[in-house]
Amino acid sequence: MINTIKPYFLIGTALLLATFILLSDFFFDDTVYYWVVMLWICLFSVILVMLGQFIHVNKEIKNYSEQLMSSKERLTNEIKHRLWAEKTTAENKARSQYIDENIPVMLAYFNAEQRCRYHNRLFRKWFGLKSDQIDGFLLQEFANNEFISSISKHIDAILSGKTVHEERVLKSTKGFPYIFIEQYIPHLDSKGRIVGFYTLHTPRAQEKHLAVSKKNQQIRPATDNVVSSRTHISSSEICSQDTVTATQIAQAIEGGKFNIYCQKIAPVDKNTLLPDQYEILIRMVEEENNLMPPGSFLPLVDQFGLMSQLDRWVASYVIEWMAEHARKTRSIFCFNLAKDTLCDKEFITFIGKKLQETQVPAVTLCFEIEENDANLNLDDAIFFTEEIRKIGCLVTLCSFGQSMASMDLLKKMKFDYLKIDGGIVCNMLHDDEDMMRIKGINQIARRLSIKTIAELVETKETFAKLNEIGINYAQGFGIAKPCSINAIDIQ
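The numbering of the sequence shown is this note's numbering, which starts it at 379 and goes up by one.
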């Protein structure tokens with residue numbers, strides 16, 4: 379009440395004083411002059427106070443206006459940031475969803491009751507189910523006992539907060555077996571309670587060779603809170619799960635249920651007359667449907683001892699393809715030999731007969747041998763390189779790294795190409811030691827009249843540096859991505 383009247387009190391006082399002064403002029407004589415002066419002084423004082431209040435009020439209004447403008451700007455910026463954050467979140471969610479839906483890993487999330495709350499496309503495809511047949515269902519309601527067994531065995535460890543790793547064989551809906559690396563990762567809420575777990579099933583592709591760090595250091599686990607049950611899976615153990623598994627694989631090879639791909643190996647110096655090369659790659663038809671990543675079936679083929687049979691099928695297919703395109707290409711086609719094929723002396727005879735039948739020039743075939751396989755099977759490797767080169771075919775030593783073992787192989791065997799280890803090539807621009815190793819390999823190769831190939835070339839900068847050093851060929855996604863053999867630009 380007082381605050382409401384206060385602004386009008388001085389105005390009322392001023393009006394009252396002015397009224398008294400006017401009345402004194404009409405109704406009073408000069409004897410009251412003193413009181414008139416006093417009234418004028420009071421009126422002037424009240425006016426000064428009112429003026430001061432007016433200035434103060436204007437100042438406060440200005441301050442409040444500035445505060446309101448500042449608040450308005452902050453609010454506008456906050457709205458812009460919120461809209462930007464919402465847009466970014468939506469874009470990131472879309473990207474994350476795209477990645478989840480396309481990575482070659484079966485990914486799913488289950489709550490503590492083992493009800494599925496999330497799954498990606500590969501997970502659905504493995505079971506051949508739609509989203510509404512998995513969402514909210516218990517694991518045992520849509521998965522078979524084979525798939526459930528591992529989770530059931532480790533569920534107590536998972537729900538106690540431990541990450542579990544395991545390797546085992548699972549069969550697809552088409553009955554074809556794959557080796558999976560499984561991971562079960564617990565999910566903790568903000569209070570540290572286990573509210574669910576993630577499952578990741580990664581098909582294990584065939585490894586070219588054992589990766590060894592440059593410093594020969596072993597990598598130790600980052601935490602002890604991991605349960606590992608990864609064990610060696612032998613052929614007999616796989617056969618015990620399905621006695622016709624080996625037969626199925628053999629039938630797939632005989633039936634040609636594979637697609638042939640290749641990746642270009644291009645000359646680094648465009649002015650040279652070196653022919654293009656193509657490394658032959660193989661994918662199973664089931665992989666083409668995006669159910670499995672490339673090469674994930676190869677470990678089982680290797681464990682059943684069928685790699686030599688598969689290599690024969692691939693070589694036969696490619697040689698016949700080359701015969702059909704003999705007038706269009708002078709490119710060289712490269713086969714990465716399995717260690718079993720390297721030890722198969724009849725394979726050399728098979729290649730010789732196939733070349734004679736098709737009249738394909740032997741010099742257009744190159745066989746790639748892994749350095750590790752050559753060292754482990756030295757006598758067989760020496761025999762193979764000598765005999766296959768007598769036919770007229772070429773030989774590449776892969777994963778060459780300038781180690782003592784590599785140098786020993788150069789003394790004992792003859793090669794047409796050295797393929798430099800991709801780990802060195804990838805790091806050459808950032809590591810002076812790797813750069814010196816590549817230069818050293820190139821110098822050694824030149825002295826021995828051997829052409830060099832750099833693999834895993836991903837950038838233009840790497841390609842330019844290889845050209846500067848004098849490397850002959852380059853291979854990698856920076857050069858060309860794998861494509862169907864029927865889609866290559868042959869020349």
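Yeah, the Cβ is synthetic: ideal placement off N, Cα and C, and Gly gets one too.
This one's a predicted model, so the numbers in the text were calculated from it and none came from an experiment.
Whose C-beta lies closer than 6 Å to the C-beta of residue i among residues of the same chain, with five residues either side of it excluded?
{"i": "glutamine 492", "result": "Leu516 and Leu517"}
{"i": "leucine 834", "result": "Gly800, Val803, Cys804 and Gly854"}
{"i": "lysine 531", "result": "none"}
{"i": "aspartate 718", "result": "Met685 and Ser686"}
{"i": "phenylalanine 725", "result": "Thr719"}
Within this structure, are the beta carbons of residue i and residue j separated by less than 8 Å?
{"i": "isoleucine 744", "j": "leucine 772", "result": "In the sequence under discussion, the amino acid at residue 744 is cysteine, which differs from the isoleucine named in the question. It is a contact, given that the beta carbons lie within the stated cut-off."}
{"i": "glutamine 687", "j": "leucine 659", "result": "no"}
{"i": "phenylalanine 488", "j": "phenylalanine 575", "result": "yes"}
{"i": "valine 573", "j": "isoleucine 849", "result": "no"}
{"i": "alanine 704", "j": "valine 738", "result": "yes"}
{"i": "aspartate 794", "j": "lysine 768", "result": "no"}
{"i": "threonine 577", "j": "alanine 486", "result": "yes"}
{"i": "asparagine 750", "j": "serine 777", "result": "yes"}
{"i": "methionine 685", "j": "valine 692", "result": "no"}
{"i": "glutamate 560", "j": "serine 528", "result": "yes"}
{"i": "aspartate 689", "j": "leucine 652", "result": "no"}
{"i": "cysteine 712", "j": "glutamine 629", "result": "no"}
{"i": "tyrosine 562", "j": "threonine 541", "result": "yes"}
{"i": "isoleucine 760", "j": "threonine 736", "result": "no"}
{"i": "glycine 856", "j": "threonine 840", "result": "yes"}
{"i": "isoleucine 831", "j": "isoleucine 866", "result": "no"}
{"i": "tyrosine 639", "j": "proline 860", "result": "yes"}
Looking only at its own chain, which residues have a Cβ that is under 8 Å from the Cβ of residue i, when we skip the five neighbours before and after it?
{"i": "leucine 453", "result": "none"}
{"i": "alanine 858", "result": "Gln641, Lys642 and Ala644"}
{"i": "asparagine 755", "result": "Lys717, Leu720 and Cys721"}
{"i": "glycine 634", "result": "Trp691 and Tyr695"}
Tell me the rounded alpha-carbon separation between residue i and residue j.
{"i": "arginine 842", "j": "histidine 579", "result": "As written in the sequence, residue 842 is alanine, which differs from the arginine given in the question. Distance between the alpha carbons of alanine 842 and histidine 579: 39 Å."}
{"i": "threonine 409", "j": "isoleucine 439", "result": "With a pLDDT of only 49 at threonine 409, under the threshold of 50, the placement of this residue in the model should not be trusted; the figure read from the coordinates follows. Cα-Cα distance, rounded: 47 Å."}
{"i": "aspartate 368", "j": "leucine 796", "result": "Since the first and last residues shown for the chain are 379 and 869, residue 368 lies out of range."}
{"i": "phenylalanine 525", "j": "proline 581", "result": "14 Å"}
{"i": "lysine 792", "j": "arginine 502", "result": "50 Å"}
{"i": "glutamate 765", "j": "isoleucine 710", "result": "19 Å"}
{"i": "lysine 450", "j": "lysine 458", "result": "12 Å"}
{"i": "glutamine 511", "j": "tyrosine 695", "result": "42 Å"}
{"i": "isoleucine 863", "j": "aspartate 567", "result": "50 Å"}
{"i": "tryptophan 462", "j": "arginine 495", "result": "28 Å"}
{"i": "proline 677", "j": "isoleucine 747", "result": "18 Å"}
{"i": "alanine 823", "j": "glutamate 846", "result": "16 Å"}
{"i": "glycine 683", "j": "arginine 661", "result": "18 Å"}
{"i": "arginine 815", "j": "lysine 723", "result": "35 Å"}
{"i": "phenylalanine 520", "j": "isoleucine 536", "result": "21 Å"}
{"i": "serine 781", "j": "lysine 790", "result": "15 Å"}
{"i": "serine 423", "j": "asparagine 455", "result": "48 Å"}
{"i": "isoleucine 433", "j": "leucine 426", "result": "11 Å"}
{"i": "glycine 779", "j": "methionine 806", "result": "13 Å"}
{"i": "methionine 700", "j": "lysine 732", "result": "12 Å"}
{"i": "lysine 569", "j": "glycine 539", "result": "13 Å"}
{"i": "methionine 785", "j": "methionine 813", "result": "18 Å"}
{"i": "asparagine 649", "j": "glutamate 702", "result": "29 Å"}
{"i": "histidine 565", "j": "serine 448", "result": "43 Å"}
{"i": "lysine 838", "j": "asparagine 637", "result": "30 Å"}
In or out: residue i buried (at least 16 other Cβ within 10 Å) or exposed?
{"i": "tryptophan 504", "result": "buried"}
{"i": "threonine 774", "result": "buried"}
{"i": "tyrosine 442", "result": "exposed"}
{"i": "methionine 484", "result": "buried"}
{"i": "aspartate 513", "result": "exposed"}
{"i": "valine 435", "result": "exposed"}
{"i": "histidine 808", "result": "exposed"}
{"i": "leucine 429", "result": "exposed"}
{"i": "asparagine 820", "result": "buried"}
{"i": "glutamate 464", "result": "exposed"}
{"i": "alanine 783", "result": "exposed"}
{"i": "threonine 763", "result": "buried"}
{"i": "glutamate 632", "result": "exposed"}
{"i": "arginine 546", "result": "buried"}
{"i": "serine 618", "result": "Confidence at serine 618 is low in this model, with a pLDDT of 40, below 50, so the placement of that residue should be treated as unreliable; the coordinate-derived value is given next. Classification of serine 618: exposed, given that the 10 Å Cβ count is below 16."}
{"i": "leucine 500", "result": "buried"}
{"i": "glutamate 657", "result": "buried"}
With a CB to CB cut of under 7 Å and the five nearest residues on each side skipped, what residues in its chain are close to residue i?
{"i": "leucine 826", "result": "Leu788"}
{"i": "isoleucine 627", "result": "Leu678, Val679, Phe682 and Leu684"}
{"i": "glycine 770", "result": "Ala740 and Val741"}
{"i": "aspartate 758", "result": "Leu720 and Cys721"}
Examine the ligand SAM and report whether any of its heavy atoms sits within less than 7 Å of the Cβ of residue i.
{"i": "glutamate 560", "result": "The model depicted lacks the ligand SAM and carries no ligand whatsoever."}
Enumerate, from N- to C-terminal direction, the unbroken alpha helix (DSSP H) stretches of 4 or more residues contained entirely within the segment 731-809. 749-754, 756-769, 782-790 and 800-805
Which ranges would you report for the alpha helix (DSSP H) in the segment 807-868 if only whole runs of at least 4 residues count? 810-825 and 838-847
Write down every uninterrupted run of the alpha helix (DSSP H) in the segment 673-703 whose length is 4 residues or greater and which is fully enclosed by it, in chain order. 676-681 and 685-702
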